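Engineer: Submitted below is the structure of interest, expressed as structure tokens.
Residue numbers (our numbering), protein chains in the order written: chain D, 2 to 465; chain G, 2 to 465.
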């Protein structure tokens, strides 16, 4: 009897052993670990996981995968909420978490060059002594590479922009193993196509980022945070809209609805807070500027029936507040023991935010489902955690059905299906509706040009 | 005898008459007008100029040009400094200046939807009553479409970003006449490839923008401007560097060297100012914030030997100042009667700005040539107007030679050949050097995908 014929992926694994040794593995536990992110998509195990250390290794591995037409799924910290890291066509998962060196910090230029596996929090720990910080903060323990791939933003984006505005330069390994540099070290440039922005948000479908130069910001002289409760959801959202339109440079302005507050008070032990629609707000600047901004926002809140600000001026109190905000998803999911959650990511023009949020809540109530709303309201972006019973065979399906209705409302208001989580598997069906057939065809043609064999994170972003 | 065979462009002109009538013209004076921008490239007349009024007309015309493989050169206001609007392979020049409608202003969302032929100043005149403004200000009488095409920035970019950060949505006609929408109405999105940023800065080589949604900003409560002279160039540049690194949100911080001041004092009648390296600075914010920023900058300037601030608080005085700044190029060219000028556009990391500017000045002196330096110093971007005698057969060549040396110095310091003017004809030779062969190959492959027949602004950005 003949031995079974080797699959293409077996050739890749065998050849990659030469330069990765034990760092390319078919170990079951590791493949299982890499079979899904933090979303509800069906887990799929890759054939092997490669823990790469250098650009050269990524390049050699991609060249092999290109040659044998083996799918490649890049992996950072596995915190995707939209199935980005699920290797739906198996193949090789490229784990970049060990490429976590901070290669250079240039305080004079307020930038740094890092590898993609650097975690956001580790970077800020490293920078603190130099009076600098990296502001983009999606809350999770994600890697900067993953943030670039999904065009992440988070709580500080309202003031400092999303990751799109905070990346200067990339090193990218293309699908066939070629290595390019995009962008540069300057703050601006008018020197050819903006390849940096093309790769940011491309969700691993065009290449693998192996170096990233980030803009940094000075730690503000003064920071102050406050919490403000409102009689109803619309008043809280109106407050956000007026603050943004007044041009007050708030650093963060986050909305939690009454259900989310109920969940977060319990989960994060937020004693003394009300189970009412609430804004968490942070101010950055000089001491005088922070005070001036805070007074202006307090006045707008009061006009909308907001309670007096409860201040969190000390670092510890602020950390507790933002940890609670970051844990909102987990707090929401914990509302019903044993339940799981999916989360929406609708973003609308700010003039439509009241309508979108109040409407989403009404749709949810009509469906008789439990959700919490938490949002980067200053950007018009909000998340609705939709709980479902994993033991109900139709539970997840019903949750997705509600998600679709909420997205449809968002799109009808000029919004997008994804403000920051990305498309992945979960939002593919909305892309054509949002962009139209021709724009999607342009995206596909770019994908075809840069990845003609379709090996880079196949199945993501596009439906086929 | 047979009549001469019709050229492809004649077919296009004849067919376009059906929907453009007299608005497609072969009139000599109009072709001459459209043979060059404000640069020194050799004028080339297009075969015809089409004054389009609608997206549909652009689409039909491009479909024709695509069919007959006729070059198309988009035209806004003809203010390019790098040969973008010179139709080097003749064909049709697409004059978009009549597509100048402001289609929508949404004060609540702080955005507007416009046609590409809208002039920057006209837009701001229109917005003023609503308390809004569009900050990106390259100084010239350019159109917003031209600004998008060249990834323009200008004096306010240090605070408000370049046009790249201030465009939300585009309607684009592709080379074959297909019409797509890119981006959307929301402040951020993670919903597919960033086609908006791909077209911004593509210099008319990928398609024609026919609608543009811009972010707007609130007119600041208080605005104040000041002028500060320094004993030498390095002290002025050091001041800028420290201001930026301190995170003081100056709205503009512009550098004029002693030669530029000499030129501008004469050209713009800036009485009472010194022929010394000088900063023009503007502050935006609340009254208190403006005062606080001004005091901080004044202290930094004083540390570097700067003179006391001369204030321009009234609108009229400020307008005079910024008009002088905007006319700097013309003031520089007027230094030697009868001479013409080319201008460099180097941008470097701010830590290298002193070295770049002082070095550029030294190279110039060694070459025995006359130049003025004026710069968006806060972004690390500066322009050097190199004067040449148009009657000297080697004059322009010598000016380019000096330009090349200054760019080479900039690149050696981690900079780019173009901070904001674009590549066009003038900077093509530097692109490969900056991006490397492989990244340039990626740009070319995208060009090939979106414009397979190479009809869109051929000869620009790429050397062949």
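Glycine included, every Cβ here is placed at the ideal spot set by N, Cα and C.
Quick caveat: nothing in here was measured; it's all calculated off a predicted structure.
#1: Whole angstroms are fine: how far does the CA of residue 170 of chain D sit from the CA of residue 73 of chain D?
#2: Taking Cβ positions only, does residue 191 of chain D come closer than 7 Å to chain G?
#3: So with CB distances below 9 Å, who are the chain G contacts of residue 201 of chain D?
#4: Closest by CA to residue 202 of chain G, which one among D:203, D:201, D:207 and D:195?
#5: With DSSP as the reference, identify every bridge partner of residue 75 of chain G, one or two as the case may be.
#6: Where do the ends of the beta strand (DSSP E) carrying residue 212 of chain D lie?
#7: Count Cβ pairs between the stretch 392-399 of chain D and the stretch 155-164 of chain G that sit closer than 8 Å; are there 3 or more?
#8: How would you list, in chain order, the residues of chain G whose beta-carbon sits under 7 Å from the beta-carbon of residue 350 of chain D?
#9: Under 7 Å, Cβ to Cβ, is there at least one residue of chain G near residue 380 of chain D?
#10: Which value, in whole angstroms, describes the spacing of the CA atoms of residue 358 of chain D and residue 383 of chain D?
#11: For chain D, is any of its Cβ atoms less than 7 Å away from the one on residue 248 of chain G?
#12: What is the residue span of the beta strand (DSSP E) that residue 327 of chain D lies within?
#13: Tell me, please, whether the CB atom of residue 42 of chain D is closer than 7 Å to any CB atom in chain G?
#14: Take every Cβ of the stretch 431-445 of chain G, pair it with every Cβ of the stretch 47-54 of chain G, and state whether three or more of those distances are shorter than 8 Å.
#15: Which whole-angstrom value describes the C-beta separation of residue 403 of chain G and residue 42 of chain G, a residue pair presumed to lie in contact below a C-beta threshold of 8 Å?
#16: Between the stretch 249-262 of chain G and the stretch 370-381 of chain G, are three or more C-beta pairs nearer than 8 Å?
#17: Using a Cβ cut-off of 8 Å, which residues of the stretch 149-169 of chain D contact any Cβ in chain G, in chain order?
#18: Considering just the uninterrupted stretch of the beta strand (DSSP E) at residue 341 of chain D, what are its terminal residues?
#19: Taking DSSP's pairing of strands, which residues face residue 151 of chain D in a bridge?
#20: Kindly list, in the order they appear in chain D, the residues whose Cβ is closer than 7 Å to that of residue 418 of chain G.
#21: Since I believe residue 451 of chain D is in contact with residue 207 of chain D (beta carbons under 8 Å), could you give me their beta-carbon distance rounded to a whole number of angstroms?
#22: For the stretch 404-418 of chain D, which residues have a beta carbon sitting closer than 8 Å to at least one beta carbon of chain G?
#23: According to DSSP, is residue 457 of chain G part of a helix, a strand, or is it coil?
#24: In whole angstroms, what separates the C-alpha of residue 166 of chain G from that of residue 222 of chain D?
#25: Count the other CB atoms within 10 Å of the CB of residue 413 of chain G; is the residue buried (16 or more) or exposed (fewer)?
#26: Look at the Cβ atom of residue 1 of chain G, then the Cβ atom of residue 238 of chain G, and state whether they are nearer than 7 Å.
#27: Can you tell which of D:90, D:28 and D:112 has the C-alpha that lies nearest to the C-alpha of residue 351 of chain G?
#28: Along the stretch 128-151 of chain G, what residues have a CB closer than 9 Å to any CB found in chain D?
#29: Taking Cβ to Cβ, would you say residue 62 of chain G is nearer than 7 Å to residue 16 of chain G?
#30: Leaving out five residues before and five after residue 214 of chain G in sequence, what residues of the same chain have Cβ atoms less than 6 Å from its Cβ?
#31: When you compare the CB positions of residue 173 of chain G and residue 59 of chain G, do they come within less than 7 Å of one another, or not?
#32: Answer yes if the stretch 181-196 of chain D comes into contact with the stretch 243-250 of chain D, meaning at least three C-beta pairs across the two stretches below 8 Å, and no otherwise.
#33: Taking the straight line between their C-alpha atoms, what separation do you get for residue 313 of chain G and residue 320 of chain G?
#34: With contact counted as at least three CB pairs below 8 Å, one residue from each stretch, are the stretch 282-297 of chain G and the stretch 333-353 of chain G in contact?
#35: Report the residues of the stretch 54-81 of chain G with a CB closer than 9 Å to any CB of chain D, ordered along the chain.
#36: Grouping DSSP H, G and I as helix and E and B as strand, with all else coil, what is residue 60 of chain G?
Structural biologist: In brief:
#1: When the Cα atoms are used, residue 73 of chain D and residue 170 of chain D turn out to be separated by approximately 23 Å.
#2: By this cut-off, residue 191 of chain D is an interface position.
#3: Ordered by position in chain G, the residues that pass the 9 Å Cβ test against residue 201 of chain D are 195 and 198.
#4: For residue 202 of chain G, the closest of D:203, D:201, D:207 and D:195 by C-alpha to C-alpha distance is D:195.
#5: The secondary-structure analysis by DSSP pairs residue 75 of chain G across a beta bridge with G:95.
#6: Residue 212 of chain D -> beta strand (DSSP E) spans 208-216.
#7: Not touching, per the Cβ criterion.
#8: Scanning chain G for C-beta atoms nearer than 7 Å to the C-beta of residue 350 of chain D yields 110, 186 and 187, reported in chain order.
#9: With 7 Å as the cut-off, residue 380 of chain D counts as an interface residue toward chain G.
#10: Residue 358 of chain D and residue 383 of chain D: Cα-Cα distance of roughly 8 Å.
#11: Between residue 248 of chain G and chain D, the shortest Cβ-Cβ separation is below 7 Å.
#12: Premise fails: residue 327 of chain D lies in the alpha helix (DSSP H), 316-327, not in any beta strand (DSSP E).
#13: It does not; no Cβ of chain G falls within 7 Å.
#14: Short answer: they don't touch.
#15: Their Cβ separation, rounded to whole angstroms, is 17 Å, which puts residue 403 of chain G and residue 42 of chain G out of contact at 8 Å.
#16: Here the stretch 249-262 of chain G lies against the stretch 370-381 of chain G, with 3 or more beta-carbon pairs under 8 Å apart.
#17: Within the stretch 149-169 of chain D, the qualifying residues are 151, 152, 153, 154, 158, 162, 163, 165 and 166.
#18: Taken as a continuous stretch (DSSP letters only), the beta strand (DSSP E) holding residue 341 of chain D covers 341-344.
#19: Under DSSP, residue 151 of chain D forms no beta bridge with any residue.
#20: Neighbourhood of residue 418 of chain G in chain D, by CB distance below 7 Å: 192, in chain order.
#21: Taking C-beta atoms under 8 Å as the contact rule, residue 207 of chain D and residue 451 of chain D qualify, at a distance of about 5 Å.
#22: Taking 8 Å as the Cβ-Cβ cut-off, the stretch 404-418 of chain D approaches chain G at 415, 416, 417 and 418, given in chain order.
#23: In this structure, residue 457 of chain G counts as strand in the three-state DSSP scheme.
#24: Rounded to the nearest whole angstrom, the CA to CA distance from residue 166 of chain G to residue 222 of chain D is 26 Å.
#25: Burial call: exposed.
#26: Nothing in the structure corresponds to residue 1 of chain G, since chain G is present only between 2 and 465.
#27: Among D:90, D:28 and D:112, the Cα nearest to that of residue 351 of chain G is on D:112.
#28: Taken in chain order, the members of the stretch 128-151 of chain G whose beta-carbon sits within less than 9 Å of a beta-carbon on chain D are 151.
#29: No, Cβ-Cβ distance for residue 62 of chain G and residue 16 of chain G is not below 7 Å.
#30: These residues qualify, in order along the chain: 112, 114, 169 and 170.
#31: The criterion of a C-beta distance shorter than 7 Å is not satisfied by residue 173 of chain G and residue 59 of chain G.
#32: Between the stretch 243-250 of chain D and the stretch 181-196 of chain D, the count of C-beta pairs closer than 8 Å stays below three; the two stretches do not touch.
#33: In a straight line, the C-alpha of residue 313 of chain G is about 9 Å away from that of residue 320 of chain G.
#34: Touching, no, given that fewer than three Cβ pairs across the two stretches are closer than 8 Å.
#35: If the cut-off is 9 Å between Cβ atoms, the stretch 54-81 of chain G has nothing near chain D.
#36: In the displayed model, residue 60 of chain G falls within a helix according to three-state DSSP.
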